[in-house]
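Enquirer: If you're matching positions, the sequence shown starts at 1 in UniProt numbering and goes up one per residue.
The beta carbon of each residue, even a glycine, is placed where N, CA and C say it ideally should be.
Keep in mind it's a predicted model, so treat the numbers as computed, not measured.
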Amino acid sequence: MFSSTVTQEYAAERLQSAAQFHPFPKAGERAFWEAVPDSIRAQWIEWAQERLAFEWPALPAVRYMDFVRNGNRTKYEAAYFERRRALTELVVAECLEGQGRFMEPIMNGIWCLCEETYWVVPAHMSISLQSRGFALPDVTEQVIDLFAAETGALLTWTAYLLDAQLEREEPMIGRRIRHEIRRRIIEPYLDREDFWWMGFIDRTVNNWNPWIHSNCLAALLVLEEDPFVRSRAVSKAARSLDAFVGVYHPDGGCDEGASYWGRAGASLFDCLELLYEATGGQIDFYGEPLIQEIGKYIYRVHIDGNHFVNFADGDAKLTIAGDLVYRYGKRIGDARMSRLGAYAFQGNGFFRDKIPSLHRIVAELMDANELLREPVSPPYERDVWLKDTHIFAARERGDSSAGLYLAAKGGHNDESHNHNDVGHFVVYYNGHPFLIDAGVESYTAKTFSPRRYEIWTMQSAYHSLPTVNGVQQQPGKEYRATGVEYSADDERARVSMELSGAYPEEAGIVSWRRTCALHRAGGCAEVEIKDVYRLQEATADIVLSLLSLQRPLLREDGVIELENEHGERLLLHYDAERLHASAEAIAVEDARMKPVWGDAVYRILLRAGEASLEGEWKLTVEAAAAAPEAKG
Numbered sequence: 001m002f003s004s005t006v007t008q009e010y011a012a013e014r015l016q017s018a019a020q021f022h023p024f025p026k027a028g029e030r031a032f033w034e035a036v037p038d039s040i041r042a043q044w045i046e047w048a049q050e051r052l053a054f055e056w057p058a059l060p061a062v063r064y065m066d067f068v069r070n071g072n073r074t075k076y077e078a079a080y081f082e083r084r085r086a087l088t089e090l091v092v093a094e095c096l097e098g099q100g101r102f103m104e105p106i107m108n109g110i111w112c113l114c115e116e117t118y119w120v121v122p123a124h125m126s127i128s129l130q131s132r133g134f135a136l137p138d139v140t141e142q143v144i145d146l147f148a149a150e151t152g153a154l155l156t157w158t159a160y161l162l163d164a165q166l167e168r169e170e171p172m173i174g175r176r177i178r179h180e181i182r183r184r185i186i187e188p189y190l191d192r193e194d195f196w197w198m199g200f201i202d203r204t205v206n207n208w209n210p211w212i213h214s215n216c217l218a219a220l221l222v223l224e225e226d227p228f229v230r231s232r233a234v235s236k237a238a239r240s241l242d243a244f245v246g247v248y249h250p251d252g253g254c255d256e257g258a259s260y261w262g263r264a265g266a267s268l269f270d271c272l273e274l275l276y277e278a279t280g281g282q283i284d285f286y287g288e289p290l291i292q293e294i295g296k297y298i299y300r301v302h303i304d305g306n307h308f309v310n311f312a313d314g315d316a317k318l319t320i321a322g323d324l325v326y327r328y329g330k331r332i333g334d335a336r337m338s339r340l341g342a343y344a345f346q347g348n349g350f351f352r353d354k355i356p357s358l359h360r361i362v363a364e365l366m367d368a369n370e371l372l373r374e375p376v377s378p379p380y381e382r383d384v385w386l387k388d389t390h391i392f393a394a395r396e397r398g399d400s401s402a403g404l405y406l407a408a409k410g411g412h413n414d415e416s417h418n419h420n421d422v423g424h425f426v427v428y429y430n431g432h433p434f435l436i437d438a439g440v441e442s443y444t445a446k447t448f449s450p451r452r453y454e455i456w457t458m459q460s461a462y463h464s465l466p467t468v469n470g471v472q473q474q475p476g477k478e479y480r481a482t483g484v485e486y487s488a489d490d491e492r493a494r495v496s497m498e499l500s501g502a503y504p505e506e507a508g509i510v511s512w513r514r515t516c517a518l519h520r521a522g523g524c525a526e527v528e529i530k531d532v533y534r535l536q537e538a539t540a541d542i543v544l545s546l547l548s549l550q551r552p553l554l555r556e557d558g559v560i561e562l563e564n565e566h567g568e569r570l571l572l573h574y575d576a577e578r579l580h581a582s583a584e585a586i587a588v589e590d591a592r593m594k595p596v597w598g599d600a601v602y603r604i605l606l607r608a609g610e611a612s613l614e615g616e617w618k619l620t621v622e623a624a625a626a627a628p629e630a631k632g
């Protein structure tokens, strides 16, 4: 898509010089910064004031070594990212206030980051292609991971925004930034082609590709003055970004999940924006159908508020970059996407992101007044079907979060950030979660190791799926859904798929046909899950698992009640003569999952009552009628 057009010669003819490239107002351009809404200005300055006496945390060698020694990545990363958050907040506040009050801690922060031995985080050393593997990095060989690139971009945009101020304070600060970015980012970016994320070796790329490119391109376009080097970098990025869009299907679905779209499709947008701005709009790929579909994915998996469909390593609640979604929608001419962006911005405002991106923050400040004026009317897609990635979603009514919402997936079990979850489904009501996908715990060394599927959240037995003869789904591209069929109209939306191929031979499944449907007709909507199966031998060892956010009330009449804190109730109906229901609590102690789900989630188990060779199970979910109000 990109490299056939963006050759080095093509880029050289169209790129503005570094001196001409002016994507954002600098700190000295006071008219812009003083027009930022007062509430937003006050928030950033308040955060920065907390940093005036900030003590930059140490990054000792033994903390770097933790990951190899015991698999812990959080101790080092907590201090690492706190440094970067502090510098970001100080820079933004100085631009907004313009009085020099934050310059000394800014210079301390810049020097602190420049003095770091290595910008690559410990957890990424093993996958960043450094030649020799140790618990500590080999400083004679610079490699680029996500956060080395992010650090480079943070320093790049700091140097861009505060160039005049840094020059007045101490010219060596800006020179030091350029020196460190040249040796840590620009030189390895241009000289090496064996980084797996570039897509030039035999390994599938993922969000690392556009995320890293968006930051490396920024460094090259802003700080590099040599036109030959700049055009060479742009043409190389075009070749590498082809590898990223090459793994996408035409439906634009992000198999890494909605959480990762923010650093997959959204980072691709960051790259395209840099190229668009640096060429005065002459490099423009926004008319490409795939680029448009990649953008639309994010509102197609939106449920309500900050709730998104969270298949793969996704979080069920996430705060999307509202301004970026808004701008992406404007570029591709999709008003629905822009509406979601404005809705997210007005709902969440600016927030203290764990991994802040300074260029996104400044772009959001540029659009803040416009975003605040936009009417809030988020798109609620009634029917979603991504035919290539097999993502299905349906809601009771369009343009409203009210009523039942059903999402399901097919696909295969070798997707990026994969869970063994072919055929899995979730159910929400009035935008609130009931039958859920647990998501993922905080990352450790185990998460991306051969032991990944020992983690409970990755296993099919902790998704809404059957376990047969004690055998779960297995990881691998060969374990997939087949015979997938979809239909939708005003009365019903349904997806049907064959799940036997997602299980190994020892499960003894000849056929397991699952149909997930949302019935809308008649004013009494319901979700229906129907499983029709045939086995090699009769067995009673069949268990259907479901995860619930609410503690289930198991009634004797084949009904399971779920009630949330809003007083909303769903009734799950099953055949009590053939299935026996039980439930267990799963304590949620992980720091990543606890803010999403609270203290516990619940696993519902429906077990076969007798051996069978074949059969049909049907589950239905409906909303319970509201209890009548007591009369005074």
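Give me the Cα-Cα distance between arginine 520 and aspartate 421, rounded to the nearest whole angstrom.
Expert: 26 Å
Enquirer: Counting beta carbon pairs with one atom in the segment 26-38 and one in the segment 65-82, are three or more of them shorter than 8 Å?
Expert: no
Enquirer: Please list, in chain order, all residues of the same chain as leucine 365 whose beta carbon is under 6 Å from its beta carbon, the five residues on each side excluded.
Expert: Val36
Enquirer: Leaving out five residues before and five after alanine 159 in sequence, what residues of the same chain have Cβ atoms less than 6 Å from its Cβ?
Expert: Gly174 and Ile177
Enquirer: Rounded to whole angstroms, what is the Cα-Cα separation between threonine 620 and tyrosine 602?
Expert: 19 Å
Enquirer: Does the distance from the CB of leucine 535 to the CB of arginine 514 come in under 8 Å?
Expert: No.
Enquirer: Three or more C-beta pairs under 8 Å: does that hold for the segment 224-234 against the segment 356-370?
Expert: Counting Cβ pairs under 8 Å, fewer than three are found: no touch.
Enquirer: For alanine 19, report the span of its beta strand (DSSP E) as first-last.
Expert: Careful: alanine 19 lies outside any beta strand (DSSP E) and carries neither H nor E.
Enquirer: Tell me which residue opens and which closes the alpha helix (DSSP H) that threonine 156 is part of.
Expert: 146-161
Enquirer: With a threshold of 6 Å on Cβ separation, who are the neighbours of phenylalanine 102 within its own chain once the five nearest residues in sequence on each side are excluded?
Expert: Beyond the five residues adjoining it in sequence on each side, phenylalanine 102 comes within less than 6 Å, by CB distance, of Ala48, Leu90, Ala93 and Glu94 in the same chain, given in chain order.
Enquirer: Looking only at its own chain, which residues have a Cβ that is under 8 Å from the Cβ of arginine 224, when we skip the five neighbours before and after it?
Expert: According to the sequence provided, residue 224 is glutamate. The question's arginine does not apply to it. Ala18, Ile186, Arg230 and Ala233, listed in sequence order.
Enquirer: Within the continuous alpha helix (DSSP H) that includes arginine 178, where are the two ends?
Expert: 171-181
Enquirer: Compute the distance between the beta-carbons of histidine 432 and glutamate 568, then report whether it is under 8 Å.
Expert: With contacts defined by Cβ atoms closer than 8 Å, histidine 432 and glutamate 568 form a contacting pair.
Enquirer: In the DSSP assignment, find the unbroken beta strand (DSSP E) run with methionine 107 in it and report its ends.
Expert: Per DSSP, methionine 107 belongs to no beta strand (DSSP E); it is in the alpha helix (DSSP H), 103-115.
Enquirer: By the three-class DSSP mapping on this structure, what secondary structure does serine 511 have?
Expert: strand
Enquirer: With a threshold of 6 Å on Cβ separation, who are the neighbours of glutamate 104 within its own chain once the five nearest residues in sequence on each side are excluded?
Expert: Taken in chain order, the list of residues that qualify is empty.
Enquirer: Going by the CB atoms, is the gap between isoleucine 455 and valine 6 shorter than 8 Å?
Expert: no
Enquirer: Check each candidate in Asp437, Thr539 and Lys477 and name the one with the smallest Cα separation from glutamine 459.
Expert: Asp437
Enquirer: Relative to the C-alpha of glutamine 474, which candidate in Glu415, Val495, Tyr428 and Glu491 has its C-alpha closest?
Expert: Glu415
Enquirer: Could you name the residues that DSSP lists as bridge partners for phenylalanine 425?
Expert: Ala408
Enquirer: Go ahead and label histidine 307 buried or exposed: buried means 16 or more other beta carbons lie within 10 angstroms of its beta carbon, across all protein chains shown.
Expert: buried
Enquirer: Suppose the cutoff is 6 Å on Cβ atoms and the five residues either side in sequence are ignored; what does the same chain contact list for alanine 507 look like?
Expert: Val468, Asn469 and Val471
Enquirer: Can you tell me which of the three DSSP states tyrosine 486 falls into?
Expert: strand
Enquirer: When you compare only the Cα positions, how much space is there between leucine 59 and histidine 124?
Expert: 16 Å
Enquirer: With isoleucine 586 as the anchor, note down where its beta strand (DSSP E) starts and where it stops.
Expert: 579-587
Enquirer: Note down, in chain order, each residue of its chain lying with its Cβ closer than 6 Å to the Cβ of tryptophan 617, except the 5 sequence neighbours on either side.
Expert: Asp531
Enquirer: Tell me the DSSP secondary structure of phenylalanine 448 in three-state form.
Expert: coil
Enquirer: Over the uninterrupted beta strand (DSSP E) stretch that includes glycine 476, give me the two end residues.
Expert: 476-480
Enquirer: Is there contact between the segment 179-193 and the segment 242-255, where contact requires at least three CB pairs shorter than 8 Å?
Expert: no
Enquirer: Check whether the segment 251-263 and the segment 376-391 touch, using three or more Cβ-Cβ pairs below 8 Å as the test.
Expert: yes
Enquirer: Output yes or no for whether 8 Å exceeds the beta carbon distance between alanine 408 and phenylalanine 434.
Expert: No. Outside cutoff.
Enquirer: Indicate the three-state DSSP secondary structure (helix, strand or coil) for glutamate 561 in the structure shown.
Expert: strand
Enquirer: Quick one: what's got a C-beta closer than 6 Å to phenylalanine 278's C-beta in the same chain, skipping five residues either side?
Expert: With the sequence shown as reference, residue 278 is identified as alanine, and phenylalanine is not the correct amino acid for it. Taking C-beta separations shorter than 6 Å and ignoring five residues to either side along the sequence, the partners of alanine 278 in its chain run Leu15, Gln16, Phe21 and Leu221, following chain order.
Enquirer: On the three-state DSSP scale, how would you describe alanine 630?
Expert: Low per-residue confidence applies at alanine 630: pLDDT is 38, beneath 50, and the placement is therefore not dependable, though the value from the model is reported in the following sentence. It is coil, neither helix nor strand.
Enquirer: Using a 10 Å radius around the Cβ and a threshold of 16 neighbouring Cβ atoms, would you call phenylalanine 345 buried or exposed?
Expert: buried
Enquirer: Using the three-state DSSP reduction, which class does isoleucine 355 fall into: helix, strand or coil?
Expert: coil
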